[in-house]
């Protein structure tokens, strides 16, 4: 009997013990809930403090930071015979010199298919500044590597001076890495400023003659007549000449018989290419053939220099 009572007492104590543990576990659970709510509230507060971006504070795009300017650039044709003017629109940053930007556009070359650039694209315009009314233009050392020949070198210096003229500079001093040099490419002296010419001396690209040359040498380039062409009533010889003081002579003959001769003057002298036109009347000529000779006369001995012959057929 005592054993039974002892067993019941032990069972009752165990029940009381387990009930107390269950109560403790049940009571501990609610303490975690406020922590979760605090965390959730914290997330909500972070989200609510975020503000929309103010687009007015954003930096301007490059295109918004530029202004468009209309400038005149100068480029030669592919044969380096003549320099032409062409109007170009360039985009210039507000804190950038328009004159420097115009030279950089010139270095990039023309968009027109009949024109070409003179310098490589890696050439750098270091700076442009005014010194006692003269534009000082400094190029990077790559300018010394350009190979243009004497005529091309003259065009190079001339075109730079003409570009700078539109910004109020009649003279331009060309520099290499900020220093004066006597020669750039071995032909032209550039120790002194280059003086700009009249813009009217350079035709607009739209005025370029569309005809091809039919005959040429170092001094003359002929548009017409082509060798062997048929002529009637008159012969019209037109083309370009690059001769001293723009003057040269012509002669028209058949064999030893001279039908006509004289001299004429191109629109400009060497080293530029001047336009010319000669008209020879052949109404009274009975011969069926003839040859036109155009040439320079040597100042040394009076001999013919750079003679060009154009044979023609005379039809009635």
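Numbering (this note's numbering), first residue to last: 221 to 536.
For every residue, glycine included, the Cβ atom is placed at its ideal position computed from N, Cα and C.
- Within its own chain, the residues whose Cβ lies closer than 6 Å to the Cβ of residue 424, once the five positions on either side in sequence are excluded, are 305, listed in chain order.
- In the structure shown, residue 461 falls within a strand segment according to DSSP collapsed to helix, strand and coil.
- Here the alpha carbons of residue 400 and residue 514 stand approximately 42 Å from one another.
- Contact between the stretch 454-465 and the stretch 432-444 is present, with at least three C-beta pairs closer than 8 Å.
- For residue 505, there is no enclosing beta strand (DSSP E), as DSSP marks it with neither H nor E.
- Closest by C-alpha distance to residue 342, out of 326, 357 and 356, is 326.
- DSSP lists 349 and 393 as the bridge partner or partners of residue 356.
- Here DSSP, grouped into helix, strand and coil, assigns residue 296 to strand.
- For residue 327, there is no enclosing beta strand (DSSP E); the residue is part of the alpha helix (DSSP H) that begins and ends at 318-328.
- Per the C-alpha coordinates, the member of 353, 387 and 404 positioned closest to residue 395 is 404.
- Going by C-alpha positions, residue 369 is about 44 Å away from residue 505.
- Bounds of the alpha helix (DSSP H) holding residue 380 are 369-385.
- Per the C-alpha coordinates, the member of 349, 421, 324 and 309 positioned closest to residue 303 is 421.
- A direct Cα-Cα distance of roughly 27 Å separates residue 310 from residue 364.
- Taking residue 473 as the centre and dropping the five residues before and after it, the same chain places the C-beta of 479, 510 and 511 closer than 7 Å to its C-beta, in chain order.
- Judged by their CB atoms, residue 376 and residue 366 are nearer to each other than the 9 Å cut-off.
- For residue 321, same chain residues with a beta-carbon under 7 Å away, outside a window of 5 residues either side, are 310 and 312 in chain order.
- Taken atom to atom, the span from the alpha-carbon of residue 345 to that of residue 379 is near 14 Å.
- Taking each of 407, 429, 389 and 427 in turn and checking the Cα distance to residue 413, the smallest one comes out for 389.
- Per DSSP, the unbroken beta strand (DSSP E) holding residue 484 starts and ends at 477-485.
- Collapsing the DSSP output to three states places residue 426 in a helix.
- If you draw a 10 Å sphere on the C-beta of residue 298, you find fewer than 16 other C-beta atoms in it, and that means exposed.
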